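Okay, structure first, notes after.
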């Protein structure tokens, strides 16, 4: 009998830790800030909403708010960096990430987007087309970021850390990169009239520029260029440009 009860308790414990979700209607927003541990899937739609899928975390610790047209998704104590707690193991006190076992994915329906900020080490999948006059991406940490399509006049991307950015299609008149750390960029399928790139550290870039490509590098960069752009370069370090 004890064995049966233990088995039932084990199953209940497993089910409590398996993936669950909740949905939340939110006010209209133009900007999104996703804090550490929040994987993001963005889907275009007529009405903004957020669905959170989570496991190994109390849902009361997951915050979804909109203020000043900005959607913020974060965990308690982890707006900028993941919360750390002290733990004692065999008489040794050490700090560990409070949410190291948690898994959270936010499925966000957006209607128009001007800015996306991500912090931490997570995956970001932007489905559909970002269509606007301007769009800005900022990322801090080590993220895998993918866009289906970007159609804007001005696109700015500032990446700090070790990121992998891929854009599958679209058109941009002016694209500006600021890259700090070790970043990998693949925007060969994004047709740009002009690109200005400033890199600090190591970067691997695949870009598509039709008119002008200006490169400012401090460190080591490898650039593969598609299109007929004239290349203007200034470097402290090693710069390899191939067409």
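In the working numbering, the protein residues as written are 1267 to 1509.
Glycine included, each C-beta is placed from N, C-alpha and C at the ideal position.
Given the structure is predicted, the values throughout are model-derived calculations rather than measurements.
- Counting only runs of 3+ residues, the beta strand (DSSP E) found wholly inside the segment 1384 to 1426 occupies 1389 to 1397, 1400 to 1407, in chain order.
- For the set 1409, 1394, 1427, the Cα lying nearest the Cα of residue 1417 is the one of 1394.
- The segment 1363 to 1371 makes no contact with the segment 1394 to 1414: fewer than 3 CB pairs, one atom from each, lie closer than 8 Å.
- For residue 1312, the CB contacts under 7 Å within the same chain, skipping 5 residues up- and downstream, are 1377 in chain order.
- Counting along the chain, the unbroken beta strand (DSSP E) around residue 1310 starts and ends at 1304 to 1310.
- The secondary-structure analysis by DSSP pairs residue 1377 with nothing; it has no beta-bridge partner.
- Relative to residue 1503, the option among 1453, 1477, 1483 whose CA is nearest is 1483.
- Per the coordinates, the alpha-carbon of residue 1379 lies some 47 Å from the alpha-carbon of residue 1358.
- Inclusion of residue 1425 and residue 1408 in the CB contact set at 7 Å is not warranted, their separation being larger than that value.
- Going by DSSP, residue 1444 is part of the beta strand (DSSP E) stretching over 1436 to 1452.
- Beyond the five residues adjoining it in sequence on each side, residue 1442 comes within less than 6 Å, by CB distance, of 1422, 1462 in the same chain, given in chain order.
- Taking a C-beta distance under 7 Å as the contact criterion, residue 1332 and residue 1375 do not qualify as a contact pair.
- Judged by DSSP in its simplified three-state form, residue 1344 adopts coil rather than helix or strand.
- Annotated three-state conformation of residue 1284 is coil, per DSSP.
- Annotation: residue 1338 to residue 1432 spans about 23 Å, alpha carbon to alpha carbon.
- For residue 1349, the three-state secondary structure derived from DSSP is coil.
- A Cβ-Cβ separation of about 6 Å places residue 1318 in contact with residue 1372 under the 8 Å criterion.
- Collapsing the DSSP output to three states places residue 1296 in coil.
- The three-state reading of DSSP puts residue 1335 in coil, since its state is none of H, G, I, E or B.
- DSSP, read as helix, strand or coil, puts residue 1326 in helix.
- Residue 1315: member of the beta strand (DSSP E) spanning 1315 to 1321, first to last residue.
- Separation of residue 1326 and residue 1287 (C-alpha to C-alpha, rounded to the nearest whole angstrom) is 12 Å.
- The criterion of a C-beta distance shorter than 7 Å is not satisfied by residue 1303 and residue 1347.
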